[in-house]
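Peer 1: Same order as they appear, the protein sequences are chains A and B. Sequential numbering of the first sequence, starting at 79, is according to this note's numbering. Sequential numbering of the second sequence, starting at -12, is according to this note's numbering. All C-beta atoms, glycine included, are put in the ideal place defined by N, C-alpha and C. It should be emphasised that the depicted structure is a prediction, and the values quoted were computed from it without experimental measurement.
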Amino acid sequence: MEKEFTQIITENQGIIHKVCSVYCDLEEDRRDLFQEILAQLWKSYPSFRNESKFSTWMYRVALNTAITSFKKDKRQPDKSGISYESLQLAEEIYDSVEEEQIKILNKAISQLSGIEKSIILLFLEDKKYEEIAEITGITQNYVRVKMNRIKKKLKLLMNTEE
Amino acid sequence: MDLKDLKSAWETYSSQEMNKHRLEKETIQEMLKTRTRSLVERINQNIRIGLTILLLFIAYVVADSMFLSAYFSKVIIHQVVEYPKWLEPIDFFTISLIVLTYLFFVIRYLKIKRSFSIDLHIKDLLKGILETIQTYRRMFYLAVAILLLNFLVSFITGYYEGLKLIAASKNTIISDLDTFQIWKSIGIGLLYLVPLIVVPFFALRWGFNKLYGKYLQSIKDTLKELDESETAE
């Protein structure tokens, strides 16, 4: 089972990286969260019964772990947004417009609550409301209401940044 | 920046991040070998340790009440101390209460643990975590309560025996002793007893809040956020 699990995780590791980049500002936190998500996926893998898509189940475990993860006081993420490493990466790779957009996006996302982060991540990943509802276990109506609020909040945050 | 630009910015950013952090199969295999436990798993382990300690302590309290005290008094002072009959129902009530509370606690804990899984829907998961932490907190209080009851029963017994000894040394009976002196000694006894109970209670409460207070609050806030949005649907 371990081989099968490692294979499937290697193929789908992007999901964990995306969750980590939304929930963590510091590289150290990111590594810890990745490890914790991986451990939780492994522990609950035997209970995965193919009732939903593997990616749906994986998103759910990863997001649940991120939302409920315990951060020690000294490593509470600062609210300034994008990490130093990400900024460096942005400088290296993106042109100035993209870099600016990514900075704004990261800063805006970092100011959202845990639940809001999970919804916006799934929205950015082009998931339909139905699938967002299935992953998070909240109703489609609630996702819609919440999404509208997040959009307003992001617009406000991004306009402030610009 | 328009919201529609968000997606393209995110796409670029996430694919670059993915390339930067991509792990090989072997690295993932290595990571799996490292034991990682979440906070809830650590709390669950602490609860199990706590329950074992409490069980041992309860066994000691029961054994003490049934035969240990009598045995040691026989060995140490070479006489069997006769406890007053009115103390027996109190003793029985105390032990029954401790055992029943413990059993209730264990059943409740097992019920929560059985229904808990990381792949639950977020609201159920948060409720499960909240219940686990609250169960942990209750276990602390249960431990303090057991100590309190045990102290109280020991205090009453010891006090009664002390009075009997004083009365015997004066060739009289307890009811003939100076009432003021009796109340004074009760007061002094309580002065010793109260800090013994209050200090550990507040120390435990402080320690618990220091460790889990912020986390507990963040779980409650997230649940509140989910409830508020549901009512706003």
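Asn196/B: buried (16+ other C-beta within 10 angstroms of its C-beta) or exposed?
Peer 2: Here residue 196/B refers to the residue found at position 209 when the second sequence is read from its first residue. Counting Cβ neighbours within 10 Å, Asn196/B comes out exposed, since fewer than 16 surround it.
Peer 1: For Tyr0/B and chain A, any beta-carbon pair shorter than 8 Å?
Peer 2: Within the second sequence, numbered from 1, the residue matching residue 0/B stands at position 13. So, interface residue.
Peer 1: Using the beta-carbon count (16 or more within 10 Å), is Gln154/A buried or exposed?
Peer 2: For the purposes of this step, residue 154/A is taken as the residue at position 76 of the first sequence. Only weak support is given to the placement of Gln154/A: the predicted model assigns it a pLDDT of 48, under 50, and the question is left unresolved by the model.
Peer 1: For Lys(-6)/B, would you say it is in contact with chain A, using Cβ-to-Cβ distances shorter than 8 Å as the test?
Peer 2: Start at 1 with the first residue of the second sequence, and residue -6/B comes out as number 7. Yes, because at least one Cβ of chain A sits closer than 8 Å to the Cβ of Lys(-6)/B.
Peer 1: Check whether the stretch 30 to 43 of chain B touches the stretch 110 to 119 of chain A, taking contact to mean three or more Cβ pairs, one atom from each stretch, closer than 8 Å.
Peer 2: Too few Cβ pairs lie closer than 8 Å, so no.
Peer 1: Let me know if Ser125/A comes out buried or exposed under the rule of 16 or more other beta-carbons within 10 Å of its beta-carbon.
Peer 2: Stepping through the first sequence from its first residue, residue 125/A is reached at position 47. Exposed.
Peer 1: Under 7 Å between beta-carbons, which chain A residues line up against Trp(-3)/B? List them in chain order, please.
Peer 2: Residue numbering aside, residue -3/B sits at position 10 when the second sequence is read from its first letter. Under the 7 Å cutoff, chain A gives Leu183 and Leu202.
Peer 1: Could you check what DSSP says for Phe215/A in three-state terms: helix, strand or coil?
Peer 2: Looking up residue 215/A in the first sequence gives position 137. Position check: residue 215/A holds Gly in this sequence, whereas Phe was assumed. Coil at Gly215/A, not helix or strand.
Peer 1: Who are the near neighbours of Leu135/B in its chain, counting only those whose CB is closer than 7 Å to its CB and skipping five residues on each side?
Peer 2: Start at 1 with the first residue of the second sequence, and residue 135/B comes out as number 148. Excluding sequence neighbours, Leu135/B sits near Ile184.
Peer 1: With distance defined between alpha-carbon atoms, name the residue in Ile133/B, Asp106/B, Gln16/B and Ser156/B nearest to Pro187/B.
Peer 2: Within the second sequence, the letter at position 200 stands for residue 187/B. It is Ile133/B whose Cα lies nearest to the Cα of Pro187/B.
Peer 1: Hey, does Gly159/A have any beta-carbon neighbour from chain B nearer than 8 Å?
Peer 2: Sequence index remark: in the first sequence, residue 159/A carries index 81 (1-based). Reliability fails at Gly159/A, whose pLDDT of 44 lies under 50, so the model's placement of it is uncertain and the value that follows must be treated cautiously. No, no contact with chain B.
Peer 1: Measure the alpha-carbon distance for Arg222/A versus Asp214/B and round it to whole angstroms.
Peer 2: The sequence position of residue 222/A within the first sequence is 144, counting from 1. The sequence position of residue 214/B within the second sequence is 227, counting from 1. Distance between the alpha carbons of Arg222/A and Asp214/B: 15 Å.
Peer 1: Does the beta carbon of Thr25/B come closer than 8 Å to any beta carbon on chain A?
Peer 2: As a first step, residue 25/B is located in the second sequence; it is residue number 38 there, counting from the start. Just to set this straight, residue 25/B is Ser in the shown sequence, not Thr. Closer than 8 Å: yes.
Peer 1: Counting contacts by CB-CB distance shorter than 8 Å, is Asn226/A in contact with chain B?
Peer 2: On the first sequence, position 148 is the one that residue 226/A refers to. Chain B contact via Cβ: absent.
Peer 1: Quick one: list the residues of chain B neighbouring Gln118/A, beta-carbon separation under 7 Å, in chain order.
Peer 2: In the first sequence, the residue the question calls residue 118/A occupies position 40. Those within 7 Å of Gln118/A in chain B are Ser25 and Ile105.
Peer 1: Can you tell me whether Ser(-5)/B is helix, strand or coil according to DSSP?
Peer 2: Taking the first residue of the second sequence as 1, we reach residue -5/B at position 8. It is helical.
Peer 1: Under 8 Å, Cβ to Cβ, is there at least one residue of chain B near Glu179/A?
Peer 2: Translated into the one-based positions of the first sequence, residue 179/A becomes position 101. Strictly speaking, residue 179/A in this sequence is Gln, with Glu absent from that position. Yes, Gln179/A counts as interfacial toward chain B.
Peer 1: Which residue's Cα is closest to the Cα of Ser188/A: Val97/A, Val139/A, Gln91/A and Asn90/A?
Peer 2: Along the first sequence, one-based indexing puts residue 188/A at 110. Nearest C-alpha to Ser188/A: Val97/A.
Peer 1: Can you list, in chain order, the residues of the stretch 138 to 149 of chain A whose Cβ is nearer than 9 Å to any Cβ on chain B?
Peer 2: Within the stretch 138 to 149 of chain A, the residues whose Cβ lies closer than 9 Å to some Cβ of chain B are Arg138, Val139, Leu141, Asn142, Thr143, Ile145, Thr146, Ser147, Phe148 and Lys149, listed in chain order.
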